[in-house]
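So in this note's numbering, the last one in the sequence shown is 191, and the numbering has no gaps at all.
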Amino acid sequence: TSESLGEKHFQKAVELYKKAAGQHFPAGQLELGFCYAHGRGVKQDFKLAFELINKAAEKGDSDAQYELGVFYQNGIGVKANLEESTKWTLSAAQQGHSLAQARIAFNYANGFGIKESKTLAKSWAKKSAAQECVRGHFVTGFLNKDLKEKFSTFKYCAEQEDELAMLLLGSLYLKGAGVKKNSQKGR
Numbered sequence: 005t006s007e008s009l010g011e012k013h014f015q016k017a018v019e020l021y022k023k024a025a026g027q028h029f030p031a032g033q034l035e036l037g038f039c040y041a042h043g044r045g046v047k048q049d050f051k052l053a054f055e056l057i058n059k060a061a062e063k064g065d066s067d068a069q070y071e072l073g074v075f076y077q078n079g080i081g082v083k084a085n086l087e088e089s090t091k092w093t094l095s096a097a098q099q100g101h102s103l104a105q106a107r108i109a110f111n112y113a114n115g116f117g118i119k120e121s122k123t124l125a126k127s128w129a130k131k132s133a134a135q136e137c138v139r140g141h142f143v144t145g146f147l148n149k150d151l152k153e154k155f156s157t158f159k160y161c162a163e164q165e166d167e168l169a170m171l172l173l174g175s176l177y178l179k180g181a182g183v184k185k186n187s188q189k190g191r
């Protein structure tokens, strides 16, 4: 079956990632961590996934730093810790990681694990959006007070398949905020 064929490919990938991780390559550690997090080619093990991704993050890999922030935020393989999540997300953002920039912007906007600052939130969201990161555009829209601009931004993000933007766009249609009220489109 195609599923067993896919599993064989994952097992081969795990074998190669283990070799790379064994040689302390951050990309190998990160990818092997993903395999353990998702149970691809190996038995799912969130704690080991966290440990591997942590090793790559400590070596400065921005993708690993971003993912480590996600792990800390959601308590995956480690106790949830917003301060640690913010530390790693900010580190990735400072290296230009667009999703990390969007996440740190959202955290600044809401005071999640960091002191609230709309100014810093806007700055990070702008950096993320400049890299054509849909989530960066979303946060820009989230922060925008002009309802027509907010609607336009959420519409763009929804067209890019951003589920949260779809939800909020529907809400704007239902309320008639920034757009003519339309209960059909709001559903």
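Think of the CB as a built atom: it goes at the ideal place given N, C-alpha and C, for glycine as much as any other residue.
Proximity to residue 62 across 92, 75, 154, 53 peaks at 92, based on C-alpha coordinates. The beta carbon of residue 182 lies closer than 6 Å to those of 151, 152, 154, 155, 176 in the same chain, with the five residues before and after it left out. In terms of Cβ geometry, residue 59 and residue 33 form a close pair [threshold 7 Å].
Within a 10 Å sphere around the beta-carbon of residue 140 sit 16 or more other beta-carbons, which makes this residue buried. Scanning its chain for C-beta atoms nearer than 6 Å, with the 5 sequence neighbours on each side dropped, one finds no residue around residue 19.
Between residue 27 and residue 53, the alpha-carbon positions lie close to 17 Å from each other.
Contact check for residue 74 against residue 109 fails: the beta carbons are separated by 7 Å or more.
For residue 149, the three-state secondary structure derived from DSSP is coil. Put simply, the backbone Cα of residue 50 is about 15 Å away from that of residue 68.
Distances from the alpha-carbon of residue 96 to those of 70, 186, 189 put 70 closest. Between residue 111 and residue 90, the C-beta gap is smaller than 7 Å, which places the two residues in contact. Inter-residue distance for residue 126 and residue 72 is about 23 Å (C-alpha atoms, whole angstroms). Note that the C-beta distance between residue 171 and residue 158 is not below 7 Å.
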